[in-house]
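**Student:**
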Amino acid sequence: MSDLAWIEQAMTAARPQAVGALLRYFRDLDTAEEAFQNACLRALKAWPENGPPRDPAAWLIMVGRNAAIDQVRRQSRQAPLPAEDQISDLDDVESPLAERLDGAHYRDDILRLLFICCHPDLPPTQQIALALRIVSGLSVRQIARAFLVSESAMEQRITRAKGRIARADVPFEAPGAVERSERLAGVAAMVYLVFNEGYSAGPGEVAARSPLCEEAIRLARLLLRLFQAEPEVMGLTALLLIQHARSAARYDAEGEIILMEDQDRSLWNPGMIAEGLALIDKAMRHRRPGPYQIQAAIAALHARAATPSQTDWPQIDRLYAHLEILTPSPVITLNRAVAVSRVAGAQAALDMIAPLAERLAGYFHFFGVKGAFLLQLDRRDEAREAFGRAIALANTPAEAAHIRLHLDRLQQDGPGAA
Numbered sequence: 457m458s459d460l461a462w463i464e465q466a467m468t469a470a471r472p473q474a475v476g477a478l479l480r481y482f483r484d485l486d487t488a489e490e491a492f493q494n495a496c497l498r499a500l501k502a503w504p505e506n507g508p509p510r511d512p513a514a515w516l517i518m519v520g521r522n523a524a525i526d527q528v529r530r531q532s533r534q535a536p537l538p539a540e541d542q543i544s545d546l547d548d549v550e551s552p553l554a555e556r557l558d559g560a561h562y563r564d565d566i567l568r569l570l571f572i573c574c575h576p577d578l579p580p581t582q583q584i585a586l587a588l589r590i591v592s593g594l595s596v597r598q599i600a601r602a603f604l605v606s607e608s609a610m611e612q613r614i615t616r617a618k619g620r621i622a623r624a625d626v627p628f629e630a631p632g633a634v635e636r637s638e639r640l641a642g643v644a645a646m647v648y649l650v651f652n653e654g655y656s657a658g659p660g661e662v663a664a665r666s667p668l669c670e671e672a673i674r675l676a677r678l679l680l681r682l683f684q685a686e687p688e689v690m691g692l693t694a695l696l697l698i699q700h701a702r703s704a705a706r707y708d709a710e711g712e713i714i715l716m717e718d719q720d721r722s723l724w725n726p727g728m729i730a731e732g733l734a735l736i737d738k739a740m741r742h743r744r745p746g747p748y749q750i751q752a753a754i755a756a757l758h759a760r761a762a763t764p765s766q767t768d769w770p771q772i773d774r775l776y777a778h779l780e781i782l783t784p785s786p787v788i789t790l791n792r793a794v795a796v797s798r799v800a801g802a803q804a805a806l807d808m809i810a811p812l813a814e815r816l817a818g819y820f821h822f823f824g825v826k827g828a829f830l831l832q833l834d835r836r837d838e839a840r841e842a843f844g845r846a847i848a849l850a851n852t853p854a855e856a857a858h859i860r861l862h863l864d865r866l867q868q869d870g871p872g873a874a
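Residue numbering for the sequence shown is 457 to 874, as defined by this note's numbering.
#1: Using the C-alpha atoms, what's the distance from Gly520 back to Ile788?
#2: For Ala644 and Leu679, which I take to be in contact (beta-carbon distance under 8 angstroms), what is that distance rounded to the nearest angstrom?
#3: What separation, rounded to the nearest whole angstrom, lies between the Cα atoms of Ala734 and Glu490?
#4: Quick check on DSSP: helix, strand or coil for Tyr648?
#5: Ignore the nearest five residues each way along the sequence and tell me which others in Trp876's own chain have a CB closer than 7 angstroms to its CB.
#6: Whose C-alpha, out of Val634, Leu640, Glu611, Ile517, is nearest the C-alpha of Cys574?
#7: Mind reading off the beta-carbon distance from Gly642 to Ile599? Whole number of angstroms is fine, and I expect it under 8 angstroms.
#8: For the putative contact between Leu578 and Ala617, defined by C-beta atoms under 8 angstroms, what is the C-beta separation to the nearest angstrom?
#9: Going by DSSP, which residues form a beta bridge with Tyr707?
#10: Compare the Cα-Cα distances from Arg721 to each of Asp565, Glu712, Arg706, Thr852 and report the closest residue.
#11: Got a sec: is the Cβ-Cβ distance from His858 to anything in chain C below 8 angstroms?
#12: If we count the other Cβ atoms within 10 Å of its Cβ and call it buried at 16 or more, is Asn506 buried or exposed?
#13: Skipping 5 residues on each side, what residues in its chain have a beta carbon closer than 8 angstroms to that of Gly746?
#14: Closer than 7 angstroms by C-beta to Asp547: which residues in its own chain qualify, once you throw out the five before and the five after it? Chain order, please.
#15: Starting from Cys496 and walking both ways along the alpha helix (DSSP H), at which residues does that stretch end?
#16: Candidates Phe823, Met728, Arg865, Leu460: which alpha carbon is nearest Leu500's?
#17: Could you check how far apart the C-beta atoms of Pro472 and Val596 are, in whole angstroms? I think they sit under 8 angstroms.
#18: Alpha carbons only, please: which of Leu697, Leu723, His700 is nearest the one belonging to Asp708?
#19: If you measure between the beta carbons of Leu696 and Ala672, is that distance less than 8 angstroms?
#20: Rounded to whole angstroms, what is the Cα-Cα separation between Ala622 and Asp484?
#21: One question on the structure: do Glu712 and Ala854 come within less than 8 angstroms of each other, judged by their Cβ atoms?
#22: Check whether the Cβ atoms of Ala694 and Ala752 lie closer than 8 angstroms to each other.
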């Protein structure tokens with residue numbers, strides 16, 4: 457691995473903890489971000505020569521803190537440092553008061569940072585966008601893609617969120633139990649999107665972006681420790697575990713996508729699946745189903761099937777129907793259509809997605825799924841056109857290569873071969 461590659465991975469993994477600690481020191485988002493960036497620049501110079509530090513996060517926190525203090529001194533022309541209410545906890549990284557949650561010494565700067573970013577003064581979309589930028593360090597482009605908006609619109613959203621927090625004089629500390637409950641939905645949504653950003657990585661990006669999935673699972677487990685009786689947090693954690701358990705089987709040696717029905721299920725992680733299944737079973741006993749629980753239940757049905765033919769597609773269809781009621785979305789309907797195709801046939805599924813054409817005109821998966829249904833119906837010219845649109849919208853080379861396989865098959869097979 458090149459120097460730049462391992463340094464980038466180390467900085468990406470350390471970012472949430474480092475930014476969280478720096479934010480607690482300086483109580484300003486921009487200052488914390490700038491301090492972390494300055495520390496990263498120094499790491500790029502020091503680490504290739506000296507090797508990686510034993511604790512990259514601690515190294516970046518210390519160097520970033522010192523760089524920010526030096527900047528304050530330069531700006532004030534050697535004047536004394538600001539009062540403690542402006543720069544706090546400079547001498548104690550593990551301040552018991554700052555680390556305490558519900559009276560227990562539960563230390564995690566990252567979780568505190570999540571709840572700060574998900575402050576109720578911000579609209580939910582700004583909460584999640586800001587947390588993705590500040591906590592996980594995703595680029596504006598990556599966040600914009602997750603929200604299906606333009607980069608400029610997302611840049612404005614994040615800027616407005618930072619300004620709102622600054623104007624609201626938000627306390628940079630762990631919120632109380634009531635406030636945490638109020639902000640839970642935003643935090644859970646942010647964790648879910650962080651996982652999706654890592655899970656959507658192409659084969660060449662898996663090593664670099666897999667830590668996002670692992671970080672999301674870690675954060676979900678932290679939430680579960682705080683909200684042990686909340687079934688939606690159980691469902692979220694179960695969903696991430698079961699999805700991530702299949703990571704090793706999603707691509708072949710050449711980097712081609714392997715659909716779930718063709719995956720080598722012996723490569724699935726049985727420990728993660730067992731933990732996820734136990735959590736979703738426990739959540740369902742509360743009889744308060746929510747979107748994360750339903751998605752986890754769908755993933756559990758796939759995981760419990762020893763072979764693709766044993767998958768309970770009728771039950772998956774019913775779960776997606778319930779999910780459509782709770783959180784109506786064209787993407788959910790598109791996913792349900794796959795289950796409908798297994799239960800009622802490709803034509804029924806095609807009829808279901810027809811009204812989605814306008815809303816999903818820029819969505820790769822819409823045209824990939826549509827092409828697959830058309831291919832099953834032997835409507836070859838229409839399938840070829842749909843696959844062509846899918847290639848044009850592909851987010852990764854692996855997605856484009858997967859669709860090209862269908863196009864090659866259309867050219868090679870004779871009429872009726874589909």
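C-beta atoms are modelled at their ideal positions from N, C-alpha and C, and glycine is treated no differently.
**Tutor:** Looking at the coordinates:
#1: Here residue 788 refers to the residue found at position 332 when the sequence shown is read from its first residue. Here residue 520 refers to the residue found at position 64 when the sequence shown is read from its first residue. Cα to Cα, the separation comes out at about 43 angstroms.
#2: If you number the sequence shown from 1, residue 644 lands on position 188. If you number the sequence shown from 1, residue 679 lands on position 223. Right, their Cβ atoms sit about 7 angstroms apart.
#3: Within the sequence shown, numbered from 1, the residue matching residue 734 stands at position 278. Within the sequence shown, numbered from 1, the residue matching residue 490 stands at position 34. Looking at the two C-alpha atoms, the distance is approximately 42 angstroms.
#4: In the sequence shown, the residue the question calls residue 648 occupies position 192. Helix, per DSSP.
#5: With the chain running from 457 to 874 in the structure shown, residue 876 is simply not present.
#6: On the sequence shown, position 118 is the one that residue 574 refers to. The residue with the shortest Cα to Cα distance from Cys574 is Leu640.
#7: Numbered from 1 along the sequence shown, position 186 holds the residue referred to as residue 642. Numbered from 1 along the sequence shown, position 143 holds the residue referred to as residue 599. That pair is no contact at about 15 angstroms.
#8: For the purposes of this step, residue 578 is taken as the residue at position 122 of the sequence shown. For the purposes of this step, residue 617 is taken as the residue at position 161 of the sequence shown. Contact holds; Cβ gap of about 5 angstroms.
#9: As a working mapping, residue 707 is identified with position 251 in the sequence shown. Ile713.
#10: Taking the sequence shown and counting its residues from 1, the one referred to as residue 721 is at position 265. Comparing Cα-Cα distances from Arg721 to each of Asp565, Glu712, Arg706, Thr852, the minimum goes to Arg706.
#11: Protein chains in the displayed structure number just one, and chain C is not present.
#12: Walking along the sequence shown from the start, residue 506 turns up at place 50. Asn506 is exposed by the Cβ-count criterion.
#13: To locate residue 746, count along the sequence shown from 1; it is residue 290. Cβ neighbours of Gly746 beyond the five flanking positions: Pro687, Glu688, Gly691, Leu782.
#14: Position 91 of the sequence shown holds residue 547. Bear in mind that the predicted position of Asp547 carries a pLDDT of just 41, short of 50, making it unreliable; the figure below should be weighed with that in mind. None.
#15: The residue labelled residue 496 in the question sits at position 40 within the sequence shown. Here the alpha helix (DSSP H) through Cys496 covers 485-506.
#16: For the purposes of this step, residue 500 is identified with residue 44 of the sequence shown, where counting begins at 1. Out of Phe823, Met728, Arg865, Leu460, Leu460 has the C-alpha closest to the C-alpha of Leu500.
#17: Here residue 472 corresponds to residue number 16 of the sequence shown, with the count starting at 1. Here residue 596 corresponds to residue number 140 of the sequence shown, with the count starting at 1. About 18 angstroms separates the Cβ atoms of Pro472 and Val596, ruling out a contact at the 8 angstroms cut-off.
#18: The sequence position of residue 708 within the sequence shown is 252, counting from 1. The shortest Cα separation from Asp708 among Leu697, Leu723, His700 belongs to Leu723.
#19: Walking along the sequence shown from the start, residue 696 turns up at place 240. Walking along the sequence shown from the start, residue 672 turns up at place 216. Contact flag set, yes.
#20: The residue given as residue 622 occupies position 166 in the sequence shown. The residue given as residue 484 occupies position 28 in the sequence shown. Each residue's alpha carbon lies about 8 angstroms from the other.
#21: Within the sequence shown, numbered from 1, the residue matching residue 712 stands at position 256. Within the sequence shown, numbered from 1, the residue matching residue 854 stands at position 398. Yes; because the gap between Cβ atoms is below 8 angstroms, this pair is in contact.
#22: The residue you call residue 694 lines up with position 238 of the sequence shown. The residue you call residue 752 lines up with position 296 of the sequence shown. In this structure, Ala752 lies closer than 8 angstroms to Ala694 by Cβ.
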